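Which chain is which? The protein sequence lines are A and B, in order.
Position one of the first sequence corresponds to residue 11 (the working numbering), numbered consecutively onward.
Position one of the second sequence corresponds to residue 38 (the working numbering), numbered consecutively onward.
Ideal placement from N, C-alpha and C gives every residue a C-beta, glycine not left out.
Source: prediction; values computed, not measured.
All remarks here apply to the structure that follows.
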Amino acid sequence: MKQDISKIQQKKIEELISKGKRMDGRHAHEFRKIEAEINVINKAEGSARVKFGESEVLVGVKLNVGEPYTDSPDEGTLVTSAELLPMASEEFESGPPKIDAIEVARLVDRGIRESSFIDFKKLCIKEGELVWNIFIDIYPINWDGNLIDAAAFGAILALKSAYMPKLTEKDKVDFGNLSNKRLPLTENVPITITVNKIGKSFILDTTAAEEKAICSQLTFAVSKGDDKELHINALQKNGDALTEEEIFEMIDLGMRESKRFFDLFEKITEKKEKKE
Amino acid sequence: MAEKYKRTDGRAYDEMREIKAKAGVIKNADGSAMFSFGDSIAIAAVYGPRQLHPQHLQDPSKCLLRCTYDMLSFSVNERKKPGPSRRSTEISYVTGKALEPVLQLDAYPNTVIDVFISIIQADASTRCAGINAASIALANAGLPMSELVTAVSMGKVAGNILVDLSKDEEDYRGEKIKETTDIPVAYLPRSDKISLLQLDGRIKVAELREAIKAAKKACLKINEIQREALKKIKE
């Protein structure tokens, strides 16, 4: 029954979009109202709450120490997970992470890792023995589409807001006792944008209802390299096949829109630093 | 004999931490709420009554109340591995039993009411914060309830009966009296009944009696705050 309703809705959404309109009155490339705050969970070393319209996500950063991977003995590690809490939507079910949750976590992880936003070498405590482990955990609280963009933005805010905990003499983390040291982050802030194709139009920041009508999707992370030019760090195509022209049109659109997120990231994290 | 004990945050023995409650925090849910005791913050969402899958769980005589309690990985000092554990499974079960008596489950045969509780920040008493949030969320979902369920955790620290323990207090070790007793209580204020009672530690009957008495008193205050939260959303 649910399927039928969504089919009707899907048609309606496609019809509107072909006329350049959307259900909530936005134009095709317009984002919903974005709200973001950092340091919202005091047990997490870093945290952020991000809202895109009614889509709300909570991201936390936890730190611990452990052995490095054998292939990178002088680098810290990063683990990103997402759990699609059934609390956040009727469509999410309890149980071990399914492909949707894994994909969100993987995309967020790749954007951060490949942009070199984290200086992993500076997370080494004793080469081959002890390094910092960073855990990013993503939880949607109320899901109304575009989880990846919101989660990725929450993740970089949570990393930027984090303080390193102190270590005891035995090299264990002294939890709850934070130093004033920040994570070793670079200027290469990764911004993740998803461009969707519905019918023949490209639209941004889809709602849950709109996501049912998506034909194809391109998600990518961009960052400014040392030359201040935008680079693509991670990319993933979903859904129907796309032409080369379409792909580059989508990338152009996403890159243009990434500016607002770079600015917003500066604004939110700067405000915090002034307060200190 | 009790040792002299000063509460870490200077509270009186019968004083709870600051309580905050808000209804309607998750738009997708049929009902939802946030409830906090100091730094312990719970959010709860209610979905249902709705169709129950798998079908073999359906009961033609009543609705199934299915509670799921969990802590977010970053809600505690050392990261908790995401996903359910033996602890969260047990708490989910006792939470359901605490809430069930106030609901009219036989009105919705073959269906399920799902209650999801997430602890987003933990500083002890999380199951009680969860029950209080869930109770507001159930009312917010418009389900007929005979009354609201209220819960508070009582404790015995260094021989003294305290209300609403924080994590520091739970971990306190006195000079002579080392053990701390932890007693979560859920109370139904209108029918004057107790729907959840657990205990870990060491306590005399007279002390338990004192603890339950104090819990009831605290729960009446919590009940007021829950009602306020529900009234606010109406306005």
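Does phenylalanine 185 (chain A) have its Cβ less than 7 Å from a Cβ in chain B? Chain B places a beta carbon closer than 7 Å to that of phenylalanine 185 (chain A), counting this residue as a contact.
Could you check what DSSP says for glutamate 286 (chain A) in three-state terms: helix, strand or coil? At glutamate 286 (chain A), the pLDDT of 49 sits below 50, so the modelled position is not reliable and the matter cannot be decided from this model.
For the alpha helix (DSSP H) containing arginine 120 (chain A), list its first residue and its last residue. Counting along the chain, the unbroken alpha helix (DSSP H) around arginine 120 (chain A) starts and ends at 109-124.
Give me the Cα-Cα distance between histidine 241 (chain A) and isoleucine 148 (chain A), rounded to the nearest whole angstrom. Between histidine 241 (chain A) and isoleucine 148 (chain A), the C-alpha separation is close to 25 Å.
What is the DSSP secondary structure of serine 57 (chain A), reduced to helix, strand or coil? Assignment of serine 57 (chain A) by DSSP, reduced to helix, strand and coil, places it in the strand class.
For leucine 225 (chain B), which residues from the same chain have a beta carbon less than 7 Å from its beta carbon, with the 5 sequence-adjacent residues on both sides left out? Once the five neighbours on either side are set aside, the close Cβ partners of leucine 225 (chain B) are Pro138, Val139, Glu184, Val186 and Ser232.
On the DSSP letters alone, give me the boundaries of the alpha helix (DSSP H) that lysine 132 (chain A) sits inside. Going by DSSP, lysine 132 (chain A) is part of no alpha helix (DSSP H) at all; its letter is neither H nor E.
Using only alpha-carbon positions, find the residue among A:Gln227, A:Met33, A:Phe163 and A:Ile257 that is nearest to aspartate 119 (chain A). Across the set A:Gln227, A:Met33, A:Phe163 and A:Ile257, the C-alpha of A:Phe163 shows the shortest separation from the C-alpha of aspartate 119 (chain A).
Check distances from the C-beta atoms of the segment 142-172 of chain B to those of chain A and list, in chain order, the residues that come in under 9 Å. Answer set for the segment 142-172 of chain B: Asp151, Phe153, Ile154, Ser155, Ile157, Gln158, Ala159 and Asp160.
Kindly say whether methionine 97 (chain A), judged by its beta-carbon, lies nearer than 7 Å to any beta-carbon of chain B. True, the Cβ-Cβ gap to chain B drops below 7 Å.
Histidine 90 (chain B) versus lysine 269 (chain B) - alpha carbon distance: The alpha-carbon of histidine 90 (chain B) is positioned some 35 Å away from that of lysine 269 (chain B).
Please confirm whether glutamine 19 (chain A) has its beta-carbon closer than 7 Å to some beta-carbon of chain B. Taking 7 Å as the threshold, the shortest C-beta distance from glutamine 19 (chain A) to chain B does not fall below it.
Can you tell me which of B:Ser73, B:Lys43, B:Asp96 and B:Thr148 puts its alpha carbon nearest to the alpha carbon of glutamine 158 (chain B)? The shortest C-alpha to C-alpha distance from glutamine 158 (chain B) to any of B:Ser73, B:Lys43, B:Asp96 and B:Thr148 is the one to B:Ser73.
Rounded C-alpha distance that separates leucine 195 (chain A) from lysine 72 (chain A): Rounded to whole angstroms, the gap between the alpha carbons of leucine 195 (chain A) and lysine 72 (chain A) is 15 Å.
Between which two residues does the alpha helix (DSSP H) harbouring asparagine 177 (chain B) extend? Where asparagine 177 (chain B) is concerned, the enclosing alpha helix (DSSP H) stretches over 163-177.
When you check each C-beta in the segment 189-209 of chain B against every C-beta of chain A, which residues fall closer than 9 Å? Answer in chain order: no residues at all.
With alanine 223 (chain A) and glutamate 24 (chain A) assumed to form a contact (beta carbons below 8 Å), what rounded beta-carbon distance in angstroms separates them? Contact between alanine 223 (chain A) and glutamate 24 (chain A) holds, with the beta-carbon distance rounding to 5 Å and staying under 8 Å.
Using the C-alpha atoms, what's the distance from serine 104 (chain A) back to glycine 167 (chain B)? Distance between the alpha carbons of glycine 167 (chain B) and serine 104 (chain A) is about 18 Å.
At which residues does the alpha helix (DSSP H) containing serine 122 (chain B) begin and terminate? First-last for serine 122 (chain B): undefined, no H or E at that position.
Could you tell me whether the Cβ of leucine 109 (chain B) comes closer than 7 Å to any Cβ of chain A? Answer yes: the Cβ-Cβ gap between leucine 109 (chain B) and chain A drops below 7 Å somewhere.
In terms of residues, what are the limits of the beta strand (DSSP E) holding lysine 193 (chain B)? Lysine 193 (chain B): member of the beta strand (DSSP E) spanning 187-194, first to last residue.
Pick helix, strand or coil for leucine 86 (chain B), following the three-state DSSP scheme. Note on residue identity: the sequence assigns proline, not leucine, to residue 86 (chain B). Three-state result, proline 86 (chain B): strand.
DSSP puts leucine 177 (chain A) in a beta bridge; with which residues? Leucine 177 (chain A) is bridged to A:Val183.
Give the range of the beta strand (DSSP E) segment to which arginine 72 (chain B) is assigned. At residue 72 (chain B) the sequence reads phenylalanine, which differs from the arginine that was named. That run of the beta strand (DSSP E) goes 68-74.
Of all Cβ atoms in chain A, is any one closer than 7 Å to the Cβ of valine 222 (chain B)? For valine 222 (chain B), not one C-beta of chain A is nearer than 7 Å to its own C-beta.
Closest residue to lysine 134 (chain B) among B:Asn65, B:Tyr106 and B:Val242 (Cα-Cα distance): Cα-wise, what sits closest to lysine 134 (chain B) is B:Tyr106.
Enumerate in chain order the residues of its own chain whose CB-to-CB distance from isoleucine 166 (chain A) is below 8 Å, with the five nearest sequence positions on each side excluded. In chain order, Ile122, Phe127, Val199, Pro200, Ile201 and Phe275 place their CB closer than 8 Å to the CB of isoleucine 166 (chain A), counting only its own chain and leaving out the 5 sequence neighbours on each side.
Rounded to a whole number of angstroms, what is the C-alpha to C-alpha distance between serine 91 (chain A) and threonine 178 (chain A)? If you take the alpha carbons of serine 91 (chain A) and threonine 178 (chain A), they lie about 27 Å apart.
Neighbour flag for serine 129 (chain B) against chain A, beta carbons, 7 Å: Chain A, which has no Cβ nearer than 7 Å to the Cβ of serine 129 (chain B), makes this no.
When we look at the beta-carbon of alanine 49 (chain B) and count the other beta-carbons within 10 Å, is it buried (16 or more) or exposed? That one is exposed.
How about serine 112 (chain B): is its C-beta nearer than 7 Å to some C-beta of chain A? Taking Cβ atoms only, chain A reaches closer than 7 Å to serine 112 (chain B), which makes this a yes.
Can you check whether the CB of glycine 63 (chain A) is closer than 7 Å to the CB of arginine 32 (chain A)? With respect to glycine 63 (chain A), arginine 32 (chain A) sits apart: the two C-beta atoms are not nearer than 7 Å.
Taking 8 Å as the limit between beta carbons, can you name the residues of its chain near leucine 95 (chain A), skipping five residues before and five after? Closer than 8 Å at Cβ, skipping near neighbours: Phe102, Tyr149, Pro150 and Ile151.
Under 7 Å between the Cβ atoms of asparagine 169 (chain B) and alanine 188 (chain B)? For asparagine 169 (chain B) and alanine 188 (chain B), yes; Cβs fall inside 7 Å.
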